[in-house]
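FYI, numbering that gives the first Met the number 0 numbers position 157 of the sequence shown as 156, with every residue one higher than the one before it.
C-beta: ideal position from N, C-alpha, C; glycine also.
The structure under discussion appears below in the form of structure tokens.
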Amino acid sequence: MALSDVLLKQLSKNADKVGDDQSTANKLKRKAALIISVFAAIFSINSFIQSQLASTVLNNTIHANDVYSFYQAKSIKQNLAEMQLDDAIDRKETAKIATLKAKIDRYESDPSTGEGKKELLAKAKHIEAERDLAKKKAPWIGVAGSVMQIAIVLLTASILSSGVLMFYAGFVAMAAALVLMSQGMLLWMPIGL
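Okay, structure coming up:
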């Protein structure tokens, strides 16, 4: 039986009971309205986290590509310097040999500027690791947002139908969404989506 069938059955069943217990229905409606506001606030926080993760993935992908391009340019310059060094060795130009060796060493590693190949490669790997972490978190946050929307819909339907079943189903859905959201933020379960 589909969720829509259950909702329609609950709505029609409660529509027949109009006037049975108006004060209980009013209490349920007031509670549901307040809870919907809280759930909507939680959903907006979840949406913010989801957009931050998407931005992190995109920005870190671009940044890693830039760092790898800079690394590649350093490699090309280092290769050219190594070719010049070979020529200088063949010509026995000792002053030029020392200068080129220092230049090649700086291309390989330059901790003072952080722009040596070794430092650039480490930086790119770090950026990729941050991006990959955001990629692991994003699906969990996205699913949590969808379940939160279902929880809000169930609570809204409970207002319309004065149905206690849908009221509590909204809570169960939100609890599941919060578990999914916590997984997305903390990755405490060793499984992936």
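Close beta carbons around residue i, own chain, < 7 Å, minus the five adjacent residues each side
i	result
Ile34	Leu154
Leu186	Lys135 and Lys136
Pro110	Glu118
Backbone CA spacing between residue i and residue j [nearest angstrom]
i	j	result
Ile151	Gly144	11 Å
Ala39	Ala168	16 Å
Ala32	Leu57	37 Å
Arg130	Ile75	27 Å
Arg105	Leu99	10 Å
Gln48	Met82	Going by the sequence as given, residue 48 is Ile instead of Gln. Rounded to whole angstroms, Ile48 to Met82 spans 50 Å at the Cα level.
Ser22	Arg29	11 Å
Asp86	Pro189	56 Å
Val37	Asn59	33 Å
Thr55	Thr93	49 Å
Leu179	Lys73	44 Å
Thr193	Asp89	Past the boundaries of the shown model lies residue 193; the chain is included only from 0 to 192, so the question cannot be answered.
Met165	Ile61	45 Å
Gln71	Lys91	30 Å
Which listed residue (the options) has its alpha carbon closest to that of residue i
i	options	result
Lys136	Thr60, Ala94, Ser181 and Asn59	Ser181
Ala101	Thr112, Lys117 and Leu84	Leu84
Asn45	Met165, Met188 and Met147	Met147
Ala175	Phe42, Thr98 and Ala94	Phe42
Leu177	Asp109, Asn78, Glu114 and Ile149	Ile149
Ser50	Ala87, Pro138 and Tyr106	Pro138
Contact check, residue i vs residue j, beta carbons under 8 Å
i	j	result
Val163	Leu27	yes
Ala226	Ser157	Limits of the chain in this structure are 0 at one end and 192 at the other, which puts residue 226 out of reach.
Ala80	Ile103	yes
Gly183	Ile140	yes
Leu52	Ala133	yes
Nonlocal neighbours in the same chain, by C-beta distance under 6 Å from residue i, ignoring five residues either side
i	result
Ala63	Ala123, Ile126 and Glu127
Neighbourhood of residue i by C-beta distance below 8 Å, restricted to the same chain and skipping five residues each side
i	result
Val66	Leu119, Lys122, Ala123 and Ile126
Phe69	Glu114 and Leu119
Glu107	Gln77, Gly115, Lys116 and Lys117
Delimiting residues of the alpha helix (DSSP H) encompassing residue i
i	result
Lys91	Element bounds for Lys91: n/a, residue is neither H nor E.
Glu118	Lys116 to Ser160
Ser181	Val163 to Leu185
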